[in-house]
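Novice: Protein chains in written order, with UniProt numbering: chain A, 1 to 464; chain B, 1 to 464. For each residue, glycine too, the CB sits at the ideal point set by N, CA and C. Because the structure is a prediction, the values reported are computed rather than measured.
#1: Going by C-alpha to C-alpha distance, which of B:126, B:56, B:29 and B:73 sits closest to residue 84 of chain B?
#2: Decide if the stretch 325-341 of chain A is in contact with the stretch 358-374 of chain A; the criterion is three or more beta carbon pairs, one per stretch, under 8 Å apart.
#3: What do you get for residue 523 of chain A, buried or exposed, if any count of 16 or more other CB atoms within 10 angstroms of its CB means buried?
#4: DSSP three-state call for residue 28 of chain A: helix, strand or coil?
#5: Helix, strand or coil for residue 352 of chain A per DSSP?
#6: Check the C-beta distance from residue 145 of chain A over to residue 373 of chain A and give it rounded, since I have them as a contact under 8 Å.
#7: Give me, in chain order, the residues of the same chain whose beta-carbon lies closer than 7 Å to that of residue 63 of chain A; leave out the 5 immediate sequence neighbours on both sides.
#8: Tell me the DSSP secondary structure of residue 395 of chain A in three-state form.
#9: Touching or not, the stretch 126-143 of chain A and the stretch 151-161 of chain A, by the rule of three or more beta carbon pairs under 8 Å?
#10: Would a check of beta-carbon distances place residue 424 of chain B closer than 8 Å to chain A?
#11: Say whether chain A places a C-beta atom closer than 8 Å to the C-beta of residue 192 of chain B.
#12: Does the stretch 63-78 of chain B come close enough to the stretch 19-35 of chain B that 3 or more CB-CB pairs lie under 8 Å?
#13: Mind listing the chain B neighbours of residue 414 of chain A? Cutoff is C-beta to C-beta under 7 Å, in chain order.
#14: Scan the stretch 308-340 of chain A for residues whose Cβ lies nearer than 7 Å to a Cβ of chain B and list them as they occur along the chain.
#15: Quick one: any contact between the stretch 87-100 of chain A and the stretch 42-51 of chain A, if contact means 3 or more CB pairs under 8 Å?
#16: Among residues of its own chain, excluding the 5 on either side of residue 404 of chain B, which ones have a beta-carbon nearer than 7 Å to its beta-carbon?
#17: What number of angstroms, rounded off, separates the C-alpha of residue 9 of chain B from the C-alpha of residue 204 of chain B?
#18: So what's residue 329 of chain A in DSSP terms, helix, strand or just coil?
#19: Quick one: what's got a C-beta closer than 6 Å to residue 280 of chain A's C-beta in the same chain, skipping five residues either side?
#20: If the cut is a Cβ gap below 8 Å, which residues of chain A does residue 442 of chain B touch?
#21: Do you know offhand how far residue 167 of chain B's Cα is from residue 367 of chain B's?
#22: Under three-state DSSP, which class holds residue 232 of chain B?
#23: Taking the alpha-carbon positions, what's the residue 320 of chain B to residue 264 of chain B distance?
#24: Quick one: complete alpha helix (DSSP H) runs, 4+ long, within the stretch 101-136 of chain B?
#25: Assign residue 319 of chain A to one of three DSSP states: helix, strand, or coil.
#26: Where in the stretch 131-193 of chain B do unbroken runs of the beta strand (DSSP E), each at least 3 residues long, occur, reported from the N-terminal end onward?
#27: With DSSP as the reference, label residue 222 of chain A as helix, strand or coil.
#28: If you compare alpha carbons, which of A:226, A:353 and A:112 is closest to residue 297 of chain A?
#29: Any idea what DSSP makes of residue 410 of chain B, helix, strand or coil?
#30: What does a CB cutoff of less than 7 Å around residue 317 of chain A pick up in its chain, not counting 5 residues either side in sequence?
#31: Which residues in the same chain have their Cβ closer than 8 Å to the Cβ of residue 86 of chain B, if we skip the five residues on either side of it in sequence?
#32: Could you tell me how far apart the beta carbons of residue 236 of chain B and residue 293 of chain B are, in whole angstroms, since I believe they sit closer than 8 Å?
#33: DSSP has residue 211 of chain B in a bridge; who is on the other side?
#34: I'd like to confirm the pairing. Which residues does DSSP put opposite residue 59 of chain A in its beta bridges?
#35: Taking just the CA atoms, how far does residue 228 of chain A sit from residue 242 of chain A?
#36: Following the continuous beta strand (DSSP E) through residue 365 of chain B, name the residue where it begins and the one where it ends.
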């Protein structure tokens with residue numbers, strides 16, 4: 001085996017925290033979506049930054065691939081050890097290293113999940129805002145540039161990471177950023193690492209921005225005759241500057257999924273799920289402004305969820321969209337895909353994707369963080385049905401091309417991973433050359449998550 | 001002359017838009033601060049991206065330095081052609097290429113200034129929020145990672161640039177980002193370019209986020225017995241989550257400067273200048289919450305500025321801080337410096353800098369975007385007074401080291417430029433190696449703004 005020497009050296013370093021058992025390898029080869037199980041050659045469980053550094057030194061020396069593993073909730077296969085080698089399981093580096101309440105910051109290890117962090121913060125009156133639905137690890141969220149339902153108000157993970165400690169391919173440990181809110185000193189390596197999908201370095205520590213728990217939180221739902229009306233309402237809301245904390249669109253198929261999965265009993269029409277944060281008079285004013293816009297847009301069935309229980313139930317339902325889609329697909333796998341477009345083109349992009357699903361005879365739900373112009377389609381697929389998989393591929397790539405045509409991007413938050421590499425050249429053109437140059441400068445051996453994010457070099461590129 | 005061949009080729013390309021006149025060269029060698037006039041060998045006035053590309057191809061071929069020039073308002077000498085070559089004056093690329101009101105975005109050329117942009121946007125009900133005081137060019141603001149008084153609410157330039165077109169060192173034109181609010185596709189070259197001070201590429205187009213004009217804007221001022229009280233008020237305000245649009249601290253010396261420069265008639269005590277944005281009830285609620293905190297912190301002399309005239313007068317005064325400092329220094333040059341610290345350490349950092357100024361017998365004003373933990377000191381210096389310049393150097397470097405000791409950064413918004421290179425290794429440690437690797441990969445000849453941002457390679461680094 002090509003990685004045997006590296007694995008032997010790692011076993012010497014880590015003892016029983018380096019495993020090659022079939023069960024552990026298969027566990028680390030699993031994913032939430034349609035990719036086949038892809039086991040690594042071995043799984044390493046580092047406990048300190050120094051250990052991560054030592055692991056990378058060994059892997060660098062022996063050209064052994066290293067793929068970071070957080071909570072395995074990535075949706076484009078980012079955590080799968082596609083070229084074998086080591087799955088670097090960060091779950092034992094899951095401590096909160098410090099909370100600086102006065103500064104609204106905290107320092108955490110990457111294996112901590114967002115729910116663990118918020119549990120830990122409960123007594124402080126502060127919270128970590130980024131909420132992609134899954135209980136993702138903070139390191140994984142940073143590596144894949146996660147966002148989610150609250151990004152429209154509090155920003156994506158990109159806006160909420162102030163600093164990182166990163167172990168580079170050869171084991172060098174660097175720090176980028178500080179606990180200060182902003183800096184103008186040098187190249188922005190922090191944001192270069194965020195979204196690099198573990199291909200430029202392994203994040204071993206993060207300094208995060210926190211937010212004060214709002215004095216008042218109110219959620220609400222309403223529904224519309226068609227998606228166009230719902231999107232018109234969203235556009236008007238954003239344009240009026242109402243600082244929505246959440247504004248989520250569910251199409252009629254997604255609502256049908258919730259009815260199938262959780263007996264939600266909702267009319268099968270497009271819905272908006274909303275949340276307002278602030279001081280009491282501020283929230284009241286925001287809700288009144290929104291209601292006025294919603295009525296003008298044809299909304300009906302306005303329901304406020306003022307108690308914590310009602311609110312939690314609403315968002316728990318929303319966060320089960322993946323499983324509700326699966327329920328609708330009668331237990332098939334879900335192929336989740338996402339795009340992001342300028343909000344003025346949102347209705348067109350959604351209509352196009354609904355028409356494409358019909359044309360391709362696919363069951364698809366649509367749900368989106370529409371305040372950002374970002375939406376997901378969840379396709380029900382049987383990975384063994386070659387024809388259906390081909391149609392799903394056509395759907396996702398048509399949707400991506402639609403997003404690009406409308407001035408958007410092929411992914412707002414799921415990333416590139418394995419699934420969208422063939423769209424990188426289309427989206428980025430000559431900029432791809434400079435991404436490759438960074439990868440080569442930072443990881444000349446190509447040991448960090450090989451086979452992800454950057455597409456293979458084409459013959460034309462190789463000839464240049 | 002080493003750059004004669006390149007200049008001859010550029011003259012052929014640009015005709016009379018390439019000048020070598022003494023007057024034009026000296027004009028482009030000026031700066032707002034204490035650096036001596038540093039004329040380039042020639043000044044080029046491109047009008048299109050294609051011309052910028054052609055210019056860089058020529059300069060790349062002949063290893064001729066190229067330094068971008070916007071509005072010359074940078075404060076660490078970023079626009080000075082330190083190693084000669086071409087000053088690339090972007091002032092003729094100053095058009096608004098499009099405003100997408102529905103999306104709250106616009107596309108502009110880099111030579112446009114922020115005031116020109118906001119003038120252009122007036123009829124749309126939208127505005128561009130980043131306000132560093134000077135009427136800087138948008139390209140220059142992006143290149144130096146500018147922020148300013150409104151960053152506490154609307155973010156720095158980093159948060160307000162969605163996409164860039166950049167001409168790379170060899171003339172290749174790339175695009176990074178899109179009009180979509182967010183993306184998770186590939187390395188974040190947009191944020192790598194922002195703050196790179198023209199050393200990685202020349203920004204030729206920017207897609208910006210805009211914000212809706214708030215329905216209601218109210219400004220106010222209050223004063224405190226000492227800086228500690230004022231900062232305690234700021235910390236409590238930020239912790240309570242009051243979304244301040246502006247919260248600026250002026251120390252007693254800065255107030256004395258305003259009295260000297262503009263006959264402001266203010267009591268010579270630390271002041272806060274404030275602004276609240278939002279819907280009417282929201283602003284009223286914010287102001288009431290702030291007043292309560294301010295009173296608890298010992299504030300007095302509360303004055304609201306509700307009319308547009310009063311508000312404009314207040315911020316015009318604030319924006320003249322540089323000239324007010326000069327007035328206090330009786331016409332001396334101003335050596336402006338800035339740092340940013342976690343807000344919990346702000347009072348300590350300011351007290352330390354006031355003590356340092358006294359100890360070093362320097363006249364210093366302090367003014368800051370304190371909601372971000374960012375503040376400026378303006379030192380009155382005579383560039384011909386070797387001893388005073390040495391003391392000013394000691395002051396700025398002591399302040400920078402204080403900021404680092406307190407978990408902050410050596411610059412929140414002025415950047416590195418010429419003046420702070422010797423602090424890069426201290427702030428960034430081993431990360432500096434990776435910054436150099438990017439520079440080398442993107443600009444192997446080192447033609448882009450040589451002598452800025454990255455310090456010269458040390459003997460130790462060279463030996464490695």
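Specialist: Put simply:
#1: It is B:29.
#2: With the cut-off at 8 Å, the stretch 325-341 of chain A and the stretch 358-374 of chain A touch.
#3: In the structure displayed, chain A extends from 1 to 464; residue 523 of chain A sits before or after that span and is not available.
#4: Under the three-state reduction of DSSP, residue 28 of chain A is assigned to coil, being neither helix nor strand.
#5: Note: residue 352 of chain A maps to helix in three-state DSSP.
#6: So it is not a contact: roughly 16 Å between Cβ atoms.
#7: By the criterion of a C-beta distance shorter than 7 Å, residue 63 of chain A is surrounded in its chain by 445 and 447, once the five residues flanking it on both sides are discounted.
#8: Looking at residue 395 of chain A - three-state DSSP - the assignment turns out to be helix.
#9: Between the stretch 126-143 of chain A and the stretch 151-161 of chain A, the count of Cβ pairs shorter than 8 Å is three or higher; the stretches touch.
#10: Closer than 8 Å to some Cβ of chain A, the Cβ of residue 424 of chain B qualifies, so yes.
#11: Yes, because at least one Cβ of chain A sits closer than 8 Å to the Cβ of residue 192 of chain B.
#12: Judged by Cβ distances under 8 Å, the stretch 19-35 of chain B makes contact with the stretch 63-78 of chain B, as three or more pairs qualify.
#13: Residues of chain B passing the Cβ test: 184.
#14: Residues of the stretch 308-340 of chain A with a C-beta atom less than 7 Å from some C-beta of chain B are 340, listed in chain order.
#15: Counting Cβ pairs under 8 Å, three or more are found: they touch.
#16: Within the same chain, Cβ atoms closer than 7 Å to the Cβ of residue 404 of chain B are found at 410, 426 and 427, the five residues on either side in sequence being excluded.
#17: So the two alpha carbons sit approximately 21 Å from each other.
#18: In this structure, residue 329 of chain A counts as coil in the three-state DSSP scheme.
#19: If we look at residue 280 of chain A and ignore the five residues flanking it on each side, its Cβ neighbours are 216.
#20: Neighbours of residue 442 of chain B across chain A, judged by C-beta separation under 8 Å: 434 and 437.
#21: Their Cα atoms are separated by approximately 36 Å.
#22: Per DSSP, reduced to three states, the secondary structure at residue 232 of chain B is helical.
#23: Whole-angstrom Cα-Cα distance: 12 Å.
#24: The stretch 101-136 of chain B contains, as complete alpha helix (DSSP H) runs of 4+ residues, the segments 114-121 (chain order).
#25: Here residue 319 of chain A sits in helix by DSSP.
#26: Listed in chain order, the complete beta strand (DSSP E) runs (minimum 3 residues) inside the stretch 131-193 of chain B are 161-167 and 173-177.
#27: The three-state reading of DSSP puts residue 222 of chain A in strand, counting E and B together.
#28: For residue 297 of chain A, the nearest C-alpha among the options comes from A:226.
#29: In the three-state reduction of the DSSP assignment, residue 410 of chain B falls in the coil class.
#30: Here the set comprises 258, 262 and 264.
#31: Once the five neighbours on either side are set aside, the close Cβ partners of residue 86 of chain B are 3, 6, 7, 10, 40, 41, 42, 43, 44, 55, 59, 64, 65, 66 and 67.
#32: Their Cβ separation, rounded to whole angstroms, is 5 Å, which keeps residue 236 of chain B and residue 293 of chain B in contact under 8 Å.
#33: Answer is B:127, bridged to residue 211 of chain B.
#34: Residue 59 of chain A is not bridged to any residue.
#35: Distance between the alpha carbons of residue 242 of chain A and residue 228 of chain A: 20 Å.
#36: Unbroken beta strand (DSSP E) run through residue 365 of chain B: 364-369.
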